[in-house]
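Just so we're aligned, residue 26 is where the sequence shown starts under the numbering used here, counting upward by one. All C-beta atoms in this analysis are idealised placements derived from N, C-alpha and C, irrespective of residue type, glycine included. All of these numbers come straight from a predicted model, not from anything done at the bench.
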Amino acid sequence: MGVEFHITRAKFWADNDDAQITADEWLNYINNDNELSKYIINGDYHVLWSGPSSYEDSWLDWSAGNIYTKWPDTYLYRKMLRIARHLNAQVMDDDGTIYRDESQWEYDPSTNT
């Protein structure tokens with residue numbers, strides 16, 4: 026289990042039939058961001074982020090019109106905000122809470138063992 030964060034254009038991430046981020050948009054974004062690299066062992070749209078992180082492997086994936094990850098640390102969360110702005114989208118958790126500001130989510134996995 027764990028909290029998932031989604032980059033979505035929908036009012037609620039799971040109801041996004043009319044507001045999807047396409048796979049092609051995601052792949053285009055990946056190809057133009059030197060901090061992201063495809064890691065296709067986990068699927069065609071799975072990427073690793075090379076930015077500063079508390080995790081050894083910070084990752085994002087695309088599925089059904091949303092980009093997501095589980096338990097993003099503070100740094101990956103901030104990267105998600107930048108990606109969302111670029112894609113004219115927003116960051117949302119599983120419950121539908123929208124995150125717009127860098128200060129809204131701080132998480133350091135090393136403090137939650």
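Alpha carbon to alpha carbon, what distance is there between residue j and residue i?
i    : j    : result
S79  : T136 : 10 angstroms
S128 : R103 : 9 angstroms
E60  : Y100 : 13 angstroms
W74  : L85  : 8 angstroms
W87  : P77  : 21 angstroms
Is it the case that the CB of residue i approaches a heavy atom of the ligand NAD more closely than 8 angstroms?
i    : result
E131 : As presented, the structure is devoid of all ligands, the ligand NAD included, so that no description of it is given.
Going by DSSP, what residues sit across from residue i in a beta bridge?
i    : result
T94  : F30
Y70  : DSSP, once it has assigned bridges, lists no residue as partnering Y70.
Q115 : T33
K63  : V72
S88  : N91
Within 10 angstroms of its Cβ, does residue i collect 16 or more other Cβ (buried), or is it exposed?
i   : result
T94 : buried
T47 : exposed
If you measure between the beta carbons of residue i and residue j, is that distance less than 9 angstroms?
i    : j    : result
Y132 : P97  : yes
I123 : I108 : no
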